[in-house]
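First residue of the sequence shown? That's 1 in UniProt numbering, and the numbers climb one at a time after it.
The beta carbon of each residue, even a glycine, is placed where N, CA and C say it ideally should be.
Just so you know, these numbers come straight off a predicted model, no measurement behind them.
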Amino acid sequence: PFSSGKVDALSTLAALASVSLRNSDLRDAQRNFFSHMTDLIVTALDAHLLHQNGHGNRVAQYANRVGRELDLDDRCLQRLHFAALLHDIGMLKIERALLTNTKACEKHPQLGGRMLERIRLWEDVAPIVLHHHEWFDGTGYPEQLKGDAVPLEARIISVCEAFDVMISSSSYKLAMDVSEATQELSDCASTQFDPEIVETFKNLVERGVIEPTTV
Ligand SMILES: [Fe+2]
Numbered sequence: 001p002f003s004s005g006k007v008d009a010l011s012t013l014a015a016l017a018s019v020s021l022r023n024s025d026l027r028d029a030q031r032n033f034f035s036h037m038t039d040l041i042v043t044a045l046d047a048h049l050l051h052q053n054g055h056g057n058r059v060a061q062y063a064n065r066v067g068r069e070l071d072l073d074d075r076c077l078q079r080l081h082f083a084a085l086l087h088d089i090g091m092l093k094i095e096r097a098l099l100t101n102t103k104a105c106e107k108h109p110q111l112g113g114r115m116l117e118r119i120r121l122w123e124d125v126a127p128i129v130l131h132h133h134e135w136f137d138g139t140g141y142p143e144q145l146k147g148d149a150v151p152l153e154a155r156i157i158s159v160c161e162a163f164d165v166m167i168s169s170s171s172y173k174l175a176m177d178v179s180e181a182t183q184e185l186s187d188c189a190s191t192q193f194d195p196e197i198v199e200t201f202k203n204l205v206e207r208g209v210i211e212p213t214t215v
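Spelled out as structure tokens, the structure:
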């Protein structure tokens with residue numbers, strides 16, 4: 001038989017085990033909630049931006065390949081994933097009639113950043129969304145950050161999203177082919193884009209790790 005001290009210890013262990021089980025249920029529920037809610041939001045965004053169906057999902061896929069190639073840790077990859085899916089979320093706050101107005105649309109990084117920073121579990125995604133239109137040479141928007149001052153995840157998304165926009169056709173432009181688009185990335189390396197990320201991206205396309213999806 002167990003001494004009362006041992007029984008105490010055992011019941012403490014049992015209580016701890018049940019807490020950790022409950023925590024893991026919660027974590028599972030949280031993960032489930034996040035992935036499905038994100039999907040709903042991305043679907044709403046796609047419906048709002050009629051001309052670029054699936055843009056967020058494609059950017060997330062490319063960004064993940066780049067992030068893995070750069071050996072980013074899991075936390076960083078996860079941040080990158082959600083930020084890539086949601087980078088244009090601020091567009092939801094811009095009326096349909098203004099979606100062709102460049103000036104009006106330039107507000108979307110700030111709008112998106114503000115939407116996300118209020119969600120505590122996405123706090124670290126907000127600055128990436130806020131800065132995804134900064135340029136490597138400091139001439140982007142909204143804060144004219146330069147080089148490494150732009151979050152790495154934002155620099156990755158910037159390259160991936162430009163590539164997707166270039167190889168997609170829309171109501172107002174024809175699609176470029178993949179080689180034209182990668183050439184354009186090279187031409188804009190060090191001005192618009194982080195040159196190391198452009199190199200990594202092109203290398204992944206050449207090796208077939210990134211498979212460009214055209215729509
Ligand atoms: Fe954007």
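Proximity winner among the options, relative to residue i (alpha-carbon distances)
i	options	result
C160	L204, F33, I119 and D124	L204
S35	R155, L86 and A162	L86
Beta-bridge partners of residue i, as assigned by DSSP
i	result
S170	K173
V189	In the sequence under discussion, the amino acid at residue 189 is Ala, which differs from the Val named in the question. For A189, which the question treats as bridged, DSSP gives the partners F193.
Beta carbon of residue i nearer than 8 Å to that of residue j
i	j	result
I157	V59	yes
F136	S190	yes
T200	V7	no
A44	L92	yes
H81	P109	no
T100	S168	no
G138	L145	yes
G90	G112	yes
Three-way DSSP call (helix, strand, coil) for residue i in this model
i	result
Q30	helix
G54	coil
Y141	coil
D124	coil
R114	helix
residue 216	Shown here, the chain extends from 1 to 215; a query on residue 216 therefore has no answer.
H131	coil
residue 232	Here the chain has residues from 1 to 215 only, and residue 232 is not among them.
Extract the residue ranges of the alpha helix (DSSP H) inside the region 68-96, only unbroken runs of 4 or more that lie entirely within it. Every alpha helix (DSSP H) stretch that sits fully inside the region 68-96 and reaches 4 residues is listed by chain position as 74-86.
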